[in-house]
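Residue numbers (full-length UniProt numbering): 1 to 140.
Put into structure tokens, the structure is as follows:
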């Protein structure tokens, strides 16, 4: 399969050949609420990992976290790929507005977020801990 074929088409694409996994973050992540890698992937999937989680987050303007994350026991890094994205912490907001800007926060830091514009962010969290899923709010 050529590089052009691997990146074309509308379906999710991932291929594993000789231990090398090739995929499309935008398409593969859409199948699992944005998550590309973590403990929640099938153990037979090369994207299964107990050490960390990676999310390709695509957020329309006005999108916000359903509820604040509290009692956090993980460390996280969020990198802005595109858009304008507000991270909210107790007593402080940080707006990421230029590609490549990032924010890192550690254990015990409560947080939430809001997409001021259509945004794409890459989030890396560690360790990968079961039980932190926040379901989206119910549809109106």
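Using N, Cα and C, we set each Cβ at its ideal position, and we do this for glycine too.
Expected contact under 8 Å - CB spacing of residue i and residue j to nearest Å
i, j, result
"residue 44", "residue 116", "Actually they do not touch by this definition, with Cβ atoms about 39 Å apart."
"residue 109", "residue 72", "6 Å"
"residue 41", "residue 123", "In fact, because the Cβ distance is near 16 Å, the residues do not count as touching under 8 Å."
"residue 66", "residue 125", "Not a contact, Cβ separation roughly 17 Å."
"residue 39", "residue 50", "5 Å"
Terminal residues of the beta strand (DSSP E) in which residue i lies
i, result
"residue 115", "112-115"
Residue i versus the options, residue with shortest Cα-Cα distance
i, options, result
"residue 46", "17, 64, 74", "17"
"residue 106", "122, 69, 81", "69"
Proximity below 9 Å, CB of residue i to CB of residue j
i, j, result
"residue 83", "residue 22", "no"
"residue 15", "residue 59", "no"
"residue 79", "residue 86", "no"
"residue 64", "residue 112", "yes"
"residue 48", "residue 37", "yes"
For the pair the stretch 95-113 and the stretch 16-35, tell me if three or more CB-CB distances fall below 8 Å. no
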